[in-house]
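Chemist:
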Amino acid sequence: MRVKLLALALAVFLLLTATLHSLNSRVSVAPDFPTVSNIKNMEEIVIEIPIGASGSEVASLLFSNNIVKSSAAFFRIAVGDKKSERISPGAHRLTLGISAKQALEQLLDPTRIPNLLKIFEGAWKSEVIEMLRAYGFSQTQIDRAFKDVTLPKGFTSSEGLLFPAQYSFAKGTTALEAVQAMINRFTSEETGQNILAASSRYTPLQLLTIASIVQAEGDTKDFSQVARVVLNRLKISMPLEMDSTVHYIKRVRGQIFLSTSSTLIKSPYNTYENSGLPPTPIGNPGVDAMQAVLSPAVGDWLYLITVAPGDTRFTSSYSEFLSWKRLYEKNRKAGAFK
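Counting along the sequence shown from 1, when you hit position 49 you're at 50 in this note's numbering, and nothing is skipped either side.
1) Since Ile50 is in the beta strand (DSSP E), which residue starts that stretch and which ends it?
2) Return the CA-CA distance between Leu105 and Ala182, expressed in angstroms with no decimal places.
3) Is it a yes or a no for the stretch 95–115 touching the stretch 137–145, going by three-plus beta-carbon pairs under 8 Å?
4) Quick one: measure Cβ to Cβ for Ile1 and Ala166, integer angstroms, because I've assumed they're closer than 8 Å.
5) In the stretch 114–145, which residue ranges form an unbroken beta strand (DSSP E) of at least 3 residues, counting only runs that do not cross its ends?
6) Give me, in chain order, the residues of the same chain whose beta-carbon lies closer than 7 Å to that of Thr316; leave out the 5 immediate sequence neighbours on both sides.
7) Assuming contact is defined by CB atoms lying nearer than 8 Å, are Pro51 and Pro90 in contact in what I supplied?
8) Determine, using beta carbons only, whether Leu177 and Val215 come nearer to each other than 8 Å.
9) I'd like the span of the beta strand (DSSP E) that includes Tyr304, first residue to last.
10) Alpha carbon to alpha carbon, how far is Ile48 from His93?
11) Excluding the five sequence neighbours on either side, which residues of its own chain have a C-beta within less than 6 Å of the C-beta of Asp223, listed in chain order?
12) How big is the Cα-Cα spacing for Met239 and Val180?
13) Is it the case that the CB of Ala176 approaches a heavy atom of the ligand FAD more closely than 7 Å?
14) Could I get the ranges of all uninterrupted alpha helix (DSSP H) runs contained in the stretch 169–239, with 4 residues as the minimum, in chain order?
In structure tokens:
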């Protein structure tokens, strides 16, 4: 009996192996149009990719519209390229009769997406709302969307979760579906997942709040050091005193100067008046800012100051900070920040 079972198992294994080999062979020889070097005068059409469409559904859509020679050719290319996960739903302008590789490149080309909604890194929720209004959603629809949207555990506000990216929505997309797509993009990104799964002294909400401050306070090259300054101050219960939190309250951008009266504004977001973190993120940070919080630079810095455009300095010495502050004032009065 044991010999028969082994023989049967071997037969099943060989059958599965042969089947997989057959399927793989068919995929590897899937018909494909040759790569076209000049598509300038070729015919184009606009297709709509539904929200939630699978890779095979996108492949079938391309094939049925004569964009690619076979759905299998595109599916093979898409499966082998992680960038295919970034194909957005909605309208895409594509060339007819191109290779599967070119089709993927065109699907990822933002210039080929009409009615593109672009959320920049650090955008406030209020700015995203304005973008949604400009896209065509009513204020009532937007308000309802933010009320009904599903948030990750531990979050009560969507601020910080509206992932900075370029979005295109299919016809008939509701405001709720649009907002949910932004949050789903955050939760599907590896860095977003790492924020949500992080096991540290800070909650995911706190980590994302720190990332939003990092995004607003420095250039990309300085993010990891800015993150360390914030973490060092929090560790010793030192007020953060970050200008960006006051700018968030006042809804102003591009101001390097902060008046003394502004630092006295009564608000839970004012880190001059309150210790610890603001109650929510102060914007929607990008991947680099989030990664900086997860992997901050090593250092004992407690102070940071931008003395000139592109020149942000870090120190643990208050006297050195004051010296740099005088340099900043000199440069500001000389018009260096205009």
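By construction, the Cβ of each residue, glycine as well, lies at the ideal position given by its N, Cα and C atoms.
Modeler: With the structure as the only source:
1) 45–50
2) 21 Å
3) no
4) Outside the modelled stretch of the chain, which goes from 2 to 339, sits residue 1, for which no answer is possible.
5) none
6) Trp302, Tyr304, Phe322
7) yes
8) no
9) 304–309
10) 5 Å
11) Thr313
12) 36 Å
13) Among the components of this structure there are no ligands whatsoever, and the ligand FAD is therefore not found.
14) 176–189, 191–198, 205–218, 224–236
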